[in-house]
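Going by mature numbering (1 follows the signal peptide of the UniProt record, and there is no 0), the letters in the sequence shown line up with residues -21 to -1, 1 to 583, in that order.
I have placed the structure first, in the form of structure tokens, so that the comments after it can refer back to it.
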Amino acid sequence: MLIKASKGFASLLILLTGSSALWPEPQYHNGNGQQEPIRISPALKITLQPARISSELEETIKETLKLIRQDEHHELVERSISYDQISTEIETLSIELTPSITSAATTCLHLLCDNHLFTNSNYAQSTTTEIQPSIIAEMQLPINERNEAYEIKIERNPNDDDDRYQAILIAHSALGILRGLQSFTQLIYTTKPASPTHPKIKYIHGPLHIKDSPAFPYRGLLLDTSRNYYSIQSIKKTLKAMSYVKLNVLHWHITDSQSWPIQIPSQPNLSSQGSYSEHEIYTMQNLTDITRFANSIGIEILLEVDTPGHTAIIGESFPELIACKDKIPWSHYANEPPAGQLRLADDRSLNLINEIFQVLTSRIPGTLFSSGGDEINKRCYEEDEPTQISLHQKNQTFNQALSRFVLSTHETIRRSGKTPVVWEELVLDEGLPLSTDHTIVSVWRNSSMVHDVIHKGYKIIHGASDYSYLDCGLGGWLGNSINGTSWCDPYKIYSFDPYKNVPDGQQDQVLGEKSSKEKIQDDRGRMKSECVQIDRMNRPRALSTAEVYWTGNRRSRSVNEALPRMHDMRYRLVDRGVRAAPLQPHWCAIRPGQCDLPPGTHEN
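Here it is, written out as structure tokens:
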């Protein structure tokens, strides 16, 4: 990437400038010294070499320009800028992709992706060896093989006689370009017009050097659209907001006991009788469209169809397959109403779930798929006569039947090239012999359980309720209070150590985390209400997840240091149409540090 502008700007000293305001914080940045503002032209152009690029990377460049034009974000701690001294503009931003593509990415681009559902249209059949960089193609690689690294340099050009600035973006992949552009848009601020004759000016700070890559490959958000339906537009808006802070997995908890919104072509009664209404359904085309949109902005869709528990809704279309359907009191037979779960020893149940999994895993691109496995109620099965008869006829115990059920469904998932993801109950409580090489375990009940899952040899995804849940109180707003009034405010989430309870030598088994948004209490009103509810609940707390798992533990994290940057990103998100909840009163946001509690003090 090459940007040019002349020198001659007045010095601008601001608390948060350049890379020091980025969220998530880069692995390396050197831009906190003496910097000056560099003006951005209203007609800024972005060019990319090689010119032959995929459609979604071309769209990424267009979206970057759109964000730069539309963003009106001001620095929260204002300083005056001398307009007369900002006399020249940056007119062109040139991006260059380095030729050293990894062998894994090359394999994807030329073999798997030419015939892929999403990427086939992006790759003209050709005998040439030219690489056409594609975000979507790279998203089909295993999650820990994707290259998201980038480097940005804003410095004076030593070969320019006028000593003008140049900016360089170095990336080895389309995903690296995407992450670099996402950071670049955060570097740009807008002045307030001094007068009618002095319009708003967009500028960045230089000199600056950023070198960045994620500490963890999995940085996610869990969204539940079964307990309460959300529109396609709301989901896409959530995905867009995730991309701004480099979150890269949407764990979509799409079915549960309350509703079945997926339209399975071969089993239409599941949704026609199990959805809240005919308007609250996701067709296969909807799922494909959402997944393609997500992949194009660097986000994987991890679908979850929870089994064999949390399946009471299947009884609306297949009552013969559900044990203890709507049984009272529900609290004896389920963790939440309505009661009911699949008769796992009935071959018809297994055949139905394998059919559903085969359809979803073969038609919806991705590398991961969750079969669930949490909160299985044994009392339900013990009191269910058909289940007991099936177990007796097959000479099986409950655990043997559960093992057969899960192993069979996982075989279906793997046949589509995906890795099964399960909740920790299956390996800790039930002790199922799931493959440690081909199964990922998500820990949700408590972070203390991570140790035992890791000890068994599984790769894990954090998501424990003692740190990662979002559908709880908004928490206190005084700074420097990690143990604030809420057990899941953004400061508590930010304080989490990804390697907590992880034995030495096994840290590579931690893939990352998802902030869990179960949405049980969310309002499913009109589109505007949906967006407000998602935005206020997910942001800014999900910002903490984004930084903890992008930046990692390269240094000790400080809430005091992070809070001004989090404010800056929250205001930028609001400017982009994301209705993120305020962290503190505006008075505090524009006066960094003045709302912090003294060290060691707790909120009253």
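Heads up, the beta-carbon is just placed ideally off N, CA and C, and yes, glycines get one too.
| Asked | Found |
| --- | --- |
| Alpha carbon to alpha carbon, how far is residue 402 from residue 128? Give it in angstroms, no decimals. | 30 Å |
| Could you name each continuous alpha helix (DSSP H) segment of 4 residues or more that falls completely within the stretch 345 to 399, going from the start of the chain to the end? | 357 to 361, 364 to 373, 377 to 394 |
| Can you check DSSP and say which residues form a bridge with residue 572? | Paired residue(s): none; residue 572 is not in a bridge. |
| Taking the C-alpha atoms as reference points, what is the distance between residue 350 and residue 132? | 44 Å |
| For residue 209, count neighbouring Cβ atoms within 10 angstroms of its own Cβ and tell me buried if that reaches 16, exposed if not. | buried |
| In terms of residue numbering, what span does the alpha helix (DSSP H) encompassing residue 593 cover? | Limits of the chain in this structure are -21 at one end and 583 at the other, which puts residue 593 out of reach. |
| With DSSP collapsed to three states, give me the class of residue 442. | coil |
| Under 8 Å, with one C-beta from each stretch per pair, do the stretch 525 to 538 and the stretch 551 to 566 reach the 3-pair mark? | no |
| If I follow the unbroken beta strand (DSSP E) through residue 587, where does it start and stop? | The structure shown does not extend to residue 587, since the chain is modelled only from -21 through 583, so no value can be given for it. |
| Residues bridged to residue 7 by DSSP? | 190 |
| Rounded to a whole number of angstroms, what is the C-alpha to C-alpha distance between residue 357 and residue 381? | 11 Å |
| Nearest CA to the CA of residue 524: which residue from 541, 484, 473? | 473 |
| Would you grab the beta carbon distance between residue 303 and residue 324 for me? Rounded to a whole angstrom, and I think it's under 8 Å. | Actually they do not touch by this definition, with Cβ atoms about 14 Å apart. |
| Once DSSP output is grouped into helix, strand and coil, what is the label at residue 162? | helix |
| Buried or exposed, going by whether 16 or more other CB atoms sit within 10 Å of the CB of residue 245? | exposed |
| Quick check on DSSP: helix, strand or coil for residue 421? | strand |
| Between the stretch 138 to 149 and the stretch 263 to 270, do three or more beta carbon pairs fall short of 8 Å? | no |
| In chain order, what residues of the same chain have a beta carbon less than 6 Å from the beta carbon of residue 593, not counting five sequence neighbours either side? | Residue 593 is absent from the structure shown; the chain starts at -21 and stops at 583. |
| Between the alpha carbons of residue 134 and residue 205, how many angstroms are there, rounded? | 50 Å |
| Indicate the three-state DSSP secondary structure (helix, strand or coil) for residue 39 in the structure shown. | helix |
| Given residue 567, which residues of its chain have a CB within under 6 Å of its CB, disregarding the five upstream and five downstream residues? | 574 |
| Can you tell me whether DSSP reads residue 648 as helix, strand or coil? | Lying before the first or after the last residue shown, residue 648 is absent from the chain, which here runs from -21 to 583. |
| Ignore the nearest five residues each way along the sequence and tell me which others in residue 354's own chain have a CB closer than 6 Å to its CB. | 288, 314 |
| Find the nearest neighbour of residue 14 within the set 185, 280, 249, judged by alpha-carbon distance. | 185 |
| Determine which residues share a DSSP beta bridge with residue 146 and list them. | 133 |
| On the criterion of 16 or more Cβ atoms from any shown chain inside 10 Å, does residue 7 qualify as buried, or is it exposed? | exposed |
| Starting from residue 550, follow the alpha helix (DSSP H) in both directions and report where the run begins and ends. | 538 to 554 |
| Return the residue from the list 191, 282, 187 that minimises the CA-CA distance to residue 229. | 282 |
| Going by CA-CA distance only, name the one from 241, 212, 124 that's closest to residue 343. | 241 |
| How is residue 294 classed by DSSP in three states: helix, strand or coil? | helix |
| Can you tell me which residues form a DSSP beta bridge with residue 261? | 241 |
| How many angstroms separate the CA atom of residue 76 from the CA atom of residue 136? | 19 Å |
| Could you check whether residue 3 and residue 526 sit closer than 7 Å to each other, using their CB atoms as the reference points? | yes |
| Could you give the DSSP three-state label for residue 591: helix, strand or coil? | The shown model of the chain, from -21 to 583, leaves out residue 591, and the question about it has no answer. |
| Within this structure, are the beta carbons of residue 41 and residue 71 separated by less than 7 Å? | no |
| Inspect the beta-carbon positions of residue 187 and residue 10 and report whether they are closer than 7 Å. | yes |
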